[in-house]
Each structure stands twice: as C-alpha cells, then as structure tokens.
Amino acid sequence: MQKRLVIFDLDGTLLDTIDDLSAAVNHSLSLRGLPLHTREEYVKMVGHGVRNLVFQALPQEHRDDAYVDAALADFVAYYTEHIDHLTQPYPGMQALVEALDTKGYGVAVASNKFQAGVERLIAKFFPGVPFVQVLGNAPGAPLKPSPEIVFSAMDKAGISREESDPKVVMVGDSRTDMKTAVNAGVKGIAVTWGFRPVSDFDEAQYVANTAEELSAMIDSALE
C-alpha cells in the first residue's frame, strides 16, 4: 500500500529513445525501398504507440492495414533486438527515481510503447527500483490519454479512485500525458527535455526544466 504515487511516461521523460526508434522504423522502410526520415521528423511522430508511429512514417499510398501490419512486424523484430543500443536515461532521472523510492513514494510507469519493450528498458536502466507497476500497451488495452493506465497503477498501489485529491502525479513530456492526468483526476507535471514543445503543456500544473526541479515539484504536488 502506497500513500503517494508518481507515474512516469517512458519515452521522452525517463529515457531518450528516439534514436533506436528512428533506426528501427527506417530499417522497416528500407526493406521496402521507401523514403527514410530524420531524427527530427520522428520526434514529431512518437507518443501514440508504435503502430501509429509506423503508420505515420509510411507514404500515404501504403497506409492500408495489411501494409502497416507487415511494416510494423519488421519494425518490432528489429527494435526488439536493438532496443537499448542508442537509448539513454535523461540526466538525473535514474537518481531521481531511486530517491523517490527511498522516500517511500510508489513509482510506476505508464507508456504507450508495447509492453515487452517497456519492461526490457526499465529492467536495464532502473534495475533496483521496485516499481508498483510497469505498464505499456497490450492488445485490446486503451492508449493514453485514456485514464485506465493510471487507474491500474492506482489500484495496484492501493489508492482509491474516489478520493477528491489523490496523492498521485503523472509526469510526462506531451499533451497526451497531461490529458491523461486530467482524465484520471491526478496532478500533471510536464518535462521540457522530451519530444514535445512547451506550447503543448497548457494543461500541466507544473513544468520542470531539470531533474532537480522535477524532484521539488513532485514533493510539492504530493504534500
């Protein structure tokens, strides 16, 4: 049972994953002789699950379901093998997550990345942290901004959804993450080092520029 819970987005919040994602999608595109995209272009595509990422990367004429599914399968095969080759934690985030656990806060992950990928990255980069729950996208599960992923972590932590002011905060780098917080009735903290511009953060209650600022904001939000 946890009295306070911090739920983190993964890509763009805890980890800079864009180079491995870019390489995997470009691999799938290259197998088909299709135009490749730059890192900067992929930054604008991520955040809504890997199928949507592949869909956006494909030319308009190849976005039918069968073609997307085939391209996605090649992406997943390559990405699963190379998922952590270029990925790195953002400065200070490993220490921050460990410090939250030391303080007695519950820590969870809520990502739109596929479940196996989330689990593998968390196991590598945060091996000693006893996460309340590590959640990615699974077949049939709704993607953020559905609040269900937050509710699942709250249930696991023993925090009631019926509380008027649950001691729960969602930390993310996108409008989707902040909308998820709003939909779940929890506080939202946006971080500026990820994949989205500050203009996306109109629904955030706090905006952090560094891990140190984020730490102070989490404490303030969960007082």
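Residue numbers (my numbering): 50 to 272. C-beta: ideal position from N, C-alpha, C; glycine also.
Could you check what DSSP says for residue i in three-state terms: helix, strand or coil?
i	result
I67	helix
A206	helix
A257	strand
A187	coil
K52	coil
S264	helix
G166	helix
I238	strand
M94	coil
D60	strand
V117	helix
S201	helix
Please go through the same chain and pick out, in chain order, the residues whose beta-carbon is closer than 7 Å to the beta-carbon of residue i, but skip the five residues on each side of it.
i	result
F175	Q143 and V146
K162	L59, D60, V99, G185 and N186
Q182	A157, S201, A202 and K205
Rounded to the nearest angstrom, what separates residue i and residue j at their Cα positions?
i	j	result
H131	E212	42 Å
T151	A270	18 Å
I238	M266	8 Å
N258	Y139	12 Å
D123	Y116	11 Å
I56	V95	19 Å
L121	L80	12 Å
G189	E168	18 Å
L263	G155	16 Å
R53	R112	43 Å
How would you label residue i, buried or exposed, when you count the other beta carbons within 10 angstroms and need 16 or more for buried?
i	result
V247	exposed
V51	Looking at the sequence itself, residue 51 is Gln, so the reference to Val does not match. Buried is the call here.
G221	buried
P215	buried
A126	exposed
G82	exposed
K173	exposed
D249	buried
Which residues in the same chain have their Cβ closer than 6 Å to the Cβ of residue i, if we skip the five residues on either side of it in sequence?
i	result
Y128	A73
P191	E197
K236	V218, Q254 and A270
Grab me the residues of residue i's own chain with a C-beta within less than 8 Å of its C-beta, minus the 5 sequence neighbours each way, in chain order.
i	result
V92	I67 and F244
E261	G141
S195	T229 and N232
message = Quick test of the definition: if touching needs 3 or more C-beta pairs under 8 Å, does the region 208-219 touch the region 97-114?
response = no
message = I want to know whether the region 70-86 touches the region 216-230 - three or more CB-CB distances under 8 Å.
response = no
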